Every structure is written in C-alpha cells, then in structure tokens.
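Asker:
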Amino acid sequence: MAVDKDTVARIAKLARIRIPEEQQEALTGELTEILNWVEQLSELDTEGVEPMTSVVAMTLPQRQDVVTDGDCADKVLKNAPEGAHGFFAVPKVVE
Amino acid sequence: MSKLTHLTLTEARNGLAKGDFSARELTQAHVEAVEVCRSLNAFITETPDQALSGADVSDERRRKGDAGVLEGIPLAIKDLFCTQDVLTTAGSHILDGFQPQYESTVSANLWSAGAVMLGKTNLDEFAMGSSNMTSYYGGVENPWRRSGSNEPLVPGGSSGGSAAAVAARCAMGATGTDTGGSIRQPAAFCGIVGMKPTYGRCSRWGTVAFASSLDQAGPMTRTVRDAAIMLRGMAGHDPKDSTSVNTPVPDYEAAMTGDIRGLKVGIPKEYRIDGTPAEIDAVWQQGIEWLKAAGAEMVDISLPHTKYALPTYYIIAPAEASSNLARYDGVRYGLRVPGDTLDEMYEATRGEGFGAEVKRRILIGAYVLSAGYYDAYYNKARRIRTLIANDFKAAYEKVDVVLTPTAPSAAFGMGDKMDDPVAMYLNDVFTVPASLAGLPGVSIPAGLSGDGLPLGLQLLGQPFEEGTLMKVAEVLETAAEFDALPQIIS
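Chains A and B supply the protein sequences, listed in that same order.
Just so you know, we're using my numbering here: the first sequence kicks off at 23 and counts up by one.
Just so you know, we're using my numbering here: the second sequence kicks off at 128 and counts up by one.
(1) Measuring CA to CA, which of Lys507/B, Gly181/B, Glu187/B, Gly246/B is closest to Ile442/B?
(2) For Gly478/B, I'd like the list of residues in its chain whose CB is within less than 6 angstroms of its CB, leaving aside the five on either flank, ordered along the chain.
(3) For Phe110/A, go through chain B and note every residue whose CB falls closer than 7 angstroms to its CB, in chain order.
(4) Is Met128/B close to chain A, meaning its C-beta is less than 9 angstroms from at least one C-beta of that chain?
(5) Is Ala48/A near the ligand HEM, going by C-beta to nearest heavy atom under 8 angstroms?
(6) Is the Cβ of Val89/A closer than 9 angstroms to any Cβ of chain E?
(7) Rounding to the nearest angstrom, what Cα-Cα distance links Leu134/B and Met299/B in this structure?
(8) By the 9 angstroms beta-carbon criterion, what residues does the stretch 93-107 of chain A contribute toward chain B?
(9) Strictly under 9 angstroms for the Cβ-Cβ distance: is Glu52/A near chain B by that measure?
(10) Tell me, please, whether the CB atom of Gly542/B is closer than 9 angstroms to any CB atom in chain A?
(11) If you check the beta carbons only, do Asn517/B and Ala336/B fall under 9 angstroms apart?
(12) Check each candidate in Cys164/B, Asp427/B, Leu496/B and name the one with the smallest Cα separation from Gly288/B.
(13) Here's a check: name, in chain order, each residue in its chain whose Cβ is nearer than 8 angstroms to the Cβ of Tyr473/B, leaving out the five neighbours to either side.
(14) Is the distance from the Cβ of Pro535/B to the Cβ of Leu563/B below 9 angstroms?
(15) If you drop the 5 nearest sequence neighbours on each side, which residues of the same chain put their C-beta closer than 6 angstroms to that of Leu587/B?
(16) Taking only three categories from DSSP, how would you classify Met128/B?
(17) What residue range does the alpha helix (DSSP H) around Met322/B cover?
(18) For Gln46/A, return the contacting residues in chain B, with the cut-off set at a CB-CB distance below 9 angstroms.
(19) Are Val392/B and Asp527/B close, meaning C-beta to C-beta below 9 angstroms?
(20) Would DSSP call Val599/B helix, strand or coil?
(21) Within 10 angstroms of the Cβ of Met128/B, are there 16 or more other Cβ atoms? Answer buried if so, exposed if not.
(22) How should Met80/A be labelled, buried or exposed, when 16 other C-beta atoms within 10 angstroms of its C-beta is the threshold for buried?
(23) Report the rounded CA-to-CA distance for Thr232/B versus Val60/A, giving the unit in angstroms.
(24) Does the distance from the CB of Ala600/B to the CB of Gly283/B come in under 9 angstroms?
(25) How big is the Cα-Cα spacing for Glu55/A and Leu603/B?
(26) Please report the distance separating the alpha-carbon of Gly402/B from that of Glu65/A.
(27) Can you give the beta carbon distance from Leu63/A to Ile511/B, rounded, assuming they're within the 8 angstroms contact cut?
(28) With 9 angstroms set as the bound, which would you pick, yes or no: does the beta-carbon of Thr513/B sit closer than that to a beta-carbon of chain A?
(29) Please report how far the alpha carbon of Val293/B lies from the alpha carbon of Cys209/B, in whole angstroms.
(30) Under 9 angstroms Cβ-Cβ, which residues of chain A neighbour Val213/B?
(31) Which of the three DSSP states is assigned to Pro42/A in this structure?
(32) Any idea what DSSP makes of Gly307/B, helix, strand or coil?
(33) Of the residues Gly246/B, Ala291/B, Ser276/B, Tyr398/B, which one's Cα is nearest the Cα of Gly123/B?
(34) Does the beta-carbon of Arg399/B have 16 or more other beta-carbons within 10 angstroms, so that it is buried, or is it exposed?
(35) Please report the straight-line C-alpha distance between Thr29/A and Glu69/A, rounded to a whole angstrom.
(36) Can you give me, in chain order, the residues of the stretch 68-83 of chain A that have a beta carbon less than 8 angstroms from any beta carbon in chain B?
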C-alpha cells in the first residue's frame, strides 16, 4: 500500500505534527516502505479469530467511586510552560 | 575502592549484611565509576548527592535492624520512570525540564526495599528503538568493542543506557522497560542479564507510556541471581495500574535450585531464520547441549505464526503510541513552541519536540487507526496477535520453557541501519513474539562472537513462572561461565 504526499500531510494534520514541506517526500517513502512490509499480514486468514484486547485474562477491577487523590494544584501546575491564576494558559481559542 | 564496583549485587548484599563495607562506601565507588565512564553517555542525569545521602539513610536503617531486600544497593533508573523532583526526559526534547511531582511505583518499590539511585539512564526516545540512537540526548556507546577495533558500537535499545551502565560496572543493576525486546536485546548486546517479566507483574504507573498493552518493566543485572533479587524489589500489585496483577511476589531465589532434570525445553523451528549468522546458531546449539547435560529434555516445537509477529507489532505498538503520545501538547509540561492559534502551537510543539522515529511511529499509528483502515490494519493485527498467543499456549502444553537466541546479531556500529527503519526493526525478531503474548523472557550472556562481542540466549516462560525461568537461566549461566569483561574496564 503506497501512501502519497497528500495522505502524509493529512495524517500529520490528524496527529497535530508539523512536517516541513522538504521532509514530506522522504517521510512518504519511509511510511510506504513500512506499510508495504506489514502488508504481508493480509495473506493470513483470520476469519473467526477474536481480536486480542488483553494478554492476561482478567476482568478489570472496579473500586468505589470516591475521591482518592487531589488538592495538589501547585504540583499539577509545577511543570506548566505557562500558567496564570492557578490555570494552564494557552493561546486564545475564542474570539 | 574500585573493587567494590566489580561485586555482583548478590555479593554486595551479603557484604553489606556482614558489615564488610557500608552503603556509603559502596555508593561512593559507584558514583566515581559513573564519572569515569561519562564517555559512554549512559546517563542523562547523574544524581550523586541523592545517591550519597540515600546511602547514609540506608546505613542508618541497617543499624536499626530495618534492612530491606535491596538495602544499600546503588541502582540506575531508566529515564522512562518518573522520579520525584528529578528531571525525567524519556530521551525526548518534548519533555524538556520535566520534573515529575510523583514517583513511579516501580522506583518507589525499589527505594522502599532500600536501594539507592545513581541517576537516570539514556534510552531511545520514548523507548522506540533498538540502538539507543534515537535519543535526543545522543547515542550511548557500548562498553564493548570488537577485538582489534576502535569502532564505537551501539548498546542496543531501548534500555541502552541501563545495559551499558551495568556492563561497565557503573551500577549494580538498572531498571529497563521492554515493549518488544528493549530489555533483552540490549542485555544481549552488552553481555548482561535482562529479564522482562510477565505483563502485569510490575506496575506501569508512573512509567512514561509507549504501548500500554505491551510495556513491562524489568531488572538488568550482571547475574541471574541479581535479577531475581532485584525483580522481587520491583514487582507487586498496584491499585493505580488496573492491569497490575494481584498475586503475591514470590522469593525468586528460592526457585533457583539448580535442578532442571526432566524439565522440557521447547526449540521452535520457526526461529531458525535464513541469513542468521552461523555463530548465532552455534551459541543456540551450545545452549541446547548445556541444558541437555543438566538433565533437561529438548522438544522440537512449532510456533507457526512467528513470521507475522514483527509486522503485527509494528501496527499495534505505533497505534497505541499515537494515542499515548497525544498528551504531549505543550500545555501541561515540557517543551512549548509558540503558535498563533492553539492548533498551531500543538503542531509546532510536536513537530519540533519529537524526533524522526517517534514521528514515523505516531504517523503510522494514526494511519492504521484512521477511518477506513482500522479494520484492515489494526483489527487484523489484533486477530493475529491472538493467533501468536495461541501458538505459545499450545507449545506450553508440551514444554516448560522455550530456548532461542536473543538477537539475530551481535552489537553493530553506531550509525548502522539508521537509514532503513525496517532493517532496524528486524533486531527484535526473536523478542517480539513473546511480548505480543505477554510472556516472561530473560536474556543471559552465553558466549562471545568471533570478534569478541557478547551473544545472548533467550529463555521464554509461562505466565508468572519467572521463578522457573530464573532456575533454568542460572543453569545456563553456570554452564556458560561468562566472565569476559568489556574493554572499558578490562
């Protein structure tokens, strides 16, 4: 399965990663090579096989729906590149 | 004092208990060894002050009769484990300056057991790689060189800094993480022991996530017994990781009886791959002879879906990575590259913050999860993963453990295979299948290649049978008598 430059640009947009124009060509080739290589999976008949969700057969544990952590806004914000008034700050999203 | 760094973890534990030396003396020797080996670039962050003050606290605890199973043992921590107030990078530019305000469960368990932290070791960016060359902080040099050559070699990856630090006697042990071979392959390349436990044995909480259905922490040490001691200190149930298994952690040393008479060892025919170097086959055959001589029975087995494991992994792991790495957005921690809008800030931050291999994998992941391709790629891979796990289940009805080589080659040159992603992926051909099945595996140094580099043998076990693996691994270790030292310290 070959991907083209437009497809790479589209998935880069979906993944929110800026790929400079001059790197798109090389990346298109690399992704095509990887996808061609994984293509060999299609030769295997998997009709009726359950997709794996977990390697360990277990039911996910449940706990009481109560607060077990919190009250640590300073710690949460400690590593923020930009914070203000106890919040994370980002560029304006509403005009 | 340099001799202290040549002790095994087991010897150091016993020496500390007898009072032959203090944790302070042992730690001081290792802090100096870390400095001497800086040219390897094995550490991203050294924490000598924390190490020495931790050693003093440890000596005090021992005086009070309160010693844990790893009391006073200096360890290195892969820089994928969050450590409170200590820079944690995951080998990535995008986590610039990140100082976690919490401690990963695995490292917290180690500190509760009495261990001392020497620093944070280098790794492939977000643990994505088999060479340690994708780290934003530069590649790590393998302490080993080919005989008669000065070419620097890779330590393997992704836990390359941990492997190099343990091989170079900078640390008595180090934590690693293994998603598709990231503990076992670098252990093989550096001539040390590396164990990936069963998925669920060690908590993933506080470890930077790569592929959550595969990631598992484990010990990297110089002997099997060292690994048994260290794993006991790392493992355990953790309510903060819902996939962490609630079963008691056994004393793995107790399982190491040396008696493997009648044990059945599976030899999978699909692991004989065309083009594998003759010396890899030879070390495998040698391992078979050693186990036979110890009274084990060899059984030819088939794991028919082996050849599909790598391509399956390279759909599932990138898919999970693309989701896990969505959190690096320049808002809450790490690097922020400004943009006029929120979306532009995201794109600029992630474009600059992630390296080439991480970008490739996120994009592959986003692609195989995108509308129209989800069934053809992602669900197909999850179905084949079931078939691969079933192969092992069927095999374990006939055998107790499986013996294979760890990697298809010895360590290669820094810079080799960098322009061909798929060639790099093939490093993990022998380690990935067990990762997909969630099974425990251990790599043991088994011998040297023709040009003097370590080669590893891999043992795979049944779920939560780490004790059996340790027992068989120790028999191999005793037979192999691997006592060669890397050039940097010999």
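Think of the CB as a built atom: it goes at the ideal place given N, C-alpha and C, for glycine as much as any other residue.
Predicted model only: the values in this text are computed from it and were never measured.
Answerer: This is what the structure holds:
(1) Here residue 442/B refers to the residue found at position 315 when the second sequence is read from its first residue. Nearest C-alpha to Ile442/B: Lys507/B.
(2) Here the question's residue 478/B lines up with position 351 in the second sequence. There are no such residues.
(3) Residue mapping note: residue 110/A aligns to position 88 of the first sequence, counting from 1. Correct list: Val458, Arg459.
(4) Numbered from 1 along the second sequence, position 1 holds the residue referred to as residue 128/B. Residue confidence for Met128/B is low, a pLDDT of 41 falling below 50, so the modelled location carries little weight; the figure read from the coordinates is stated next. By this cut-off, Met128/B is not an interface position.
(5) Only the bare structure without any ligand can be found here, which leaves the ligand HEM out of the picture.
(6) Of the protein chains in this structure, namely A and B, none is chain E.
(7) Position 7 of the second sequence holds residue 134/B. Position 172 of the second sequence holds residue 299/B. Answer to the nearest angstrom: the Cα atoms are 8 angstroms apart.
(8) Cys94, Asp96, Lys97, Val98, Leu99, Lys100, Asn101, Ala102, Pro103, Glu104
(9) Mapped onto the first sequence, residue 52/A falls at position 30. Output row for Glu52/A: interface = yes.
(10) To locate residue 542/B, count along the second sequence from 1; it is residue 415. Closer than 9 angstroms: no.
(11) Mapped onto the second sequence, residue 517/B falls at position 390. Mapped onto the second sequence, residue 336/B falls at position 209. For Asn517/B and Ala336/B, no; Cβs fall outside 9 angstroms.
(12) As a working note, residue 288/B is residue 161 in the second sequence. Minimum Cα distance to Gly288/B is reached at Cys164/B.
(13) Locating residue 473/B in the second sequence gives position 346, where the first residue counts as 1. Counting only Cβ-Cβ distances below 8 angstroms, and skipping sequence neighbours, we find Asp456, Gly457, Gly466.
(14) Numbered from its first residue, the second sequence carries residue 535/B at position 408. Numbered from its first residue, the second sequence carries residue 563/B at position 436. Taking 9 angstroms as the Cβ cut-off, Pro535/B and Leu563/B do not qualify as a contacting pair.
(15) The residue given as residue 587/B occupies position 460 in the second sequence. Within the same chain, Leu587/B has close Cβ partners Val529, Ala561, Leu566, Gly568.
(16) Start at 1 with the first residue of the second sequence, and residue 128/B comes out as number 1. Residue placement at Met128/B is flagged as unreliable, the pLDDT there being 41, under the threshold of 50; the coordinate-derived value follows with that caveat. It is coil, neither helix nor strand.
(17) Within the second sequence, the letter at position 195 stands for residue 322/B. Not the alpha helix (DSSP H): Met322/B falls in the beta strand (DSSP E), residues 320-323.
(18) Translated into the one-based positions of the first sequence, residue 46/A becomes position 24. None at all; the shortest Cβ gap to chain B is about 11 angstroms.
(19) Counting from 1 along the second sequence, the entry for residue 392/B is found at position 265. Counting from 1 along the second sequence, the entry for residue 527/B is found at position 400. In contact: Val392/B and Asp527/B (Cβ atoms closer than 9 angstroms).
(20) Against the second sequence, residue 599/B aligns to sequence position 472. It is helical.
(21) On the second sequence, residue 128/B is found 1 positions in, with the first residue counted as 1. For Met128/B, the pLDDT reaches just 41, beneath the cut-off of 50, and the residue's location in the model is therefore unreliable, leaving the point undetermined.
(22) Position 58 of the first sequence, counted from the start, is the residue given in the question as residue 80/A. So Met80/A counts as exposed.
(23) Here residue 232/B refers to the residue found at position 105 when the second sequence is read from its first residue. Here residue 60/A refers to the residue found at position 38 when the first sequence is read from its first residue. Roughly 35 angstroms separates the two Cα atoms.
(24) Within the second sequence, numbered from 1, the residue matching residue 600/B stands at position 473. Within the second sequence, numbered from 1, the residue matching residue 283/B stands at position 156. No.
(25) Along the first sequence, one-based indexing puts residue 55/A at 33. Along the second sequence, one-based indexing puts residue 603/B at 476. Roughly 40 angstroms separates the two Cα atoms.
(26) Here residue 402/B refers to the residue found at position 275 of the second sequence. Here residue 65/A refers to the residue found at position 43 of the first sequence. Approximately 23 angstroms, taken between the alpha carbons.
(27) Residue mapping note: residue 63/A aligns to position 41 of the first sequence, counting from 1. Residue mapping note: residue 511/B aligns to position 384 of the second sequence, counting from 1. Their Cβ separation, rounded to whole angstroms, is 6 angstroms, which keeps Leu63/A and Ile511/B in contact under 8 angstroms.
(28) The residue you call residue 513/B lines up with position 386 of the second sequence. Interface residue, yes.
(29) Looking up residue 293/B in the second sequence gives position 166. Looking up residue 209/B in the second sequence gives position 82. One C-alpha to the other measures close to 20 angstroms.
(30) Your numbering for residue 213/B matches position 86 in the second sequence. Chain A residues near Val213/B: none, gap ~13 angstroms exceeds 9 angstroms.
(31) Working through the first sequence from its first residue, we reach residue 42/A at position 20. Note: Pro42/A maps to coil in three-state DSSP.
(32) Along the second sequence, read from residue 1 onward, the residue named residue 307/B stands at position 180. Of the three classes helix, strand and coil, the one that applies to Gly307/B here is coil, per DSSP.
(33) Nothing about residue 123/B can be read from this structure; chain B reaches only from 128 to 617.
(34) Against the second sequence, residue 399/B aligns to sequence position 272. So Arg399/B counts as exposed.
(35) One-based indexing of the first sequence puts residue 29/A at position 7. One-based indexing of the first sequence puts residue 69/A at position 47. Rounded to the nearest angstrom, the two C-alpha atoms are 29 angstroms apart.
(36) Thr68, Val71, Glu72, Pro73, Met74, Thr75, Ser76, Val77, Val78, Met80, Leu82, Pro83
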